[in-house]
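Colleague:
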Amino acid sequence: MTKSSIAPATCRSPEGKVALVTGASRARNLASKGASLILNCTSTQICNDLASELAEKFRGKHMVVQADMGPLEGPNRLVETAASMLPILQLDIIVNNTGIGKRGKIEEFKIEDFEECCSVNVRGPLLLMKAALPYLPNDRSGRIINVSSVAATSGILYAMTRSWARELSSRATVNSINPGPVMTDIWEKSPAAELKGDIQAFMSLVPLGKIREGIDDKRISKETMGLRPVYVEEIAGIVGMLVNVEVDGVQAR
């Protein structure tokens, strides 16, 4: 495996680019735009099924790399395994989408929960960036997107986003997306009472507006959230926007 020597880019659209996506069980948007994906998620079977689906529907070559972002060795294993599977690796796009959440009041919170959140949500992206550094473009055509949330470790990741944007300004743009509660199939299948305890406290921090008649699921939205949630497709749309050349000046957001 050799690291590539990168010439100035002539095309900065996602087509033909390589994107590493963690927490990638639902990653489809970048593949639809012609990018080749390195998929990382906790379920190898889900990622394998997704890679097969993407190969059938879109251009590009897609691979699955199993690595846990929580342990110290996880991020480096992800990058080096991907490097060993390709003749030349250049990471044009990195989407840090792995994250976990724990809730509880001060008197209830456990140090183990805090450490786990920090390991996955903060240390994981940092170590991934360190491992990926030799494989980033040298012409500012790179795109790094941190998908975060609205509480606790999210503040640290946002601060790192701003710092990385300055440090990597000649190689990539670095931005964050902070959507808050996102509607997934896990939530759709969960009892309303359970969702209410997990989500409602966050909704006041995510001013997305009132529930839209005929669009937002009433059981999920009205009974548990009070406001409409964020949808996976909306986040994917923002990622798709941030990887395009038209937003080359969007930095540290």
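Read in the working numbering, the sequence shown has 143 at position 143, and its numbers run on one by one without any break. Every residue, glycine too, gets a C-beta built ideally from N, C-alpha and C. Small disclaimer: the values here were computed from a predicted structure and weren't measured.
1. Which residue comes first and which comes last in the alpha helix (DSSP H) that contains Val-232?
2. According to DSSP, Val-262 sits in a beta bridge with which residue or residues?
3. Spatial neighbours of Ser-5 within its chain, please: CB distance less than 7 Å, with the 5 preceding and 5 following residues excluded, ordered by chain position.
4. Spatial neighbours of Ala-172 within its chain, please: C-beta separation below 7 Å, excluding the five flanking residues on both sides.
5. Any idea what DSSP makes of Thr-42, helix, strand or coil?
6. I'd like to confirm the pairing. Which residues does DSSP put opposite Leu-37 in its beta bridges?
7. So, does the stretch 48–55 touch the stretch 16–33, judging by three or more C-beta pairs under 8 Å?
8. Based on the DSSP output, what are the partners of Ala-175 in its beta bridges?
9. Excluding the 5 residues preceding and the 5 following Lys-61 in the sequence, name in chain order all residues of the same chain whose CB lies nearer than 7 Å to its CB.
10. What is the rounded straight-line gap between the Cα of Thr-81 and the Cα of Asn-121?
11. How is Met-183 classed by DSSP in three states: helix, strand or coil?
12. Just to confirm the assignment, what range does the alpha helix (DSSP H) spanning Ala-82 have?
13. Taking the straight line between their C-alpha atoms, what separation do you get for Cys-118 and Pro-87?
14. Can you have a look at Ala-19 and say buried or exposed, based on whether 16 or more other CB atoms are within 10 angstroms of its CB?
15. Evaluate Ile-215 with the Cβ neighbour count: other Cβ atoms within 10 Å of its Cβ, from every protein chain shown; 16 or more gives buried, anything less gives exposed.
16. Which residue wins for smallest C-alpha separation from Gly-240, given the options Lys-102, Ile-94 and Leu-72?
17. Please state if the CB of Asn-76 and the CB of Leu-133 are separated by a distance shorter than 9 Å.
18. Excluding the 5 residues preceding and the 5 following Ala-131 in the sequence, name in chain order all residues of the same chain whose CB lies nearer than 8 Å to its CB.
19. Closest to Asn-244 by CA distance: which of Ala-83, Lys-33 and Gly-23 is it?
Modeller: In short, the structure shows the following:
1. 232–242
2. Lying outside 1 to 253, the shown extent of the chain, residue 262 is not represented and no answer is given.
3. Low confidence applies to Ser-5: its pLDDT is 41, below 50, so where it sits in the model is not reliable enough to give any reading.
4. Leu-136, Pro-137, Arg-140, Gly-142, Arg-143 and Ile-144
5. coil
6. Ala-19
7. yes
8. Checking the displayed sequence, the identity of residue 175 turns out to be Asn instead of Ala. DSSP, once it has assigned bridges, lists Ile-145 as partnering Asn-175.
9. Ser-36
10. 21 Å
11. strand
12. 74–85
13. 34 Å
14. buried
15. exposed
16. Ile-94
17. no
18. Pro-75, Asn-76, Leu-78, Val-79 and Glu-80
19. Lys-33
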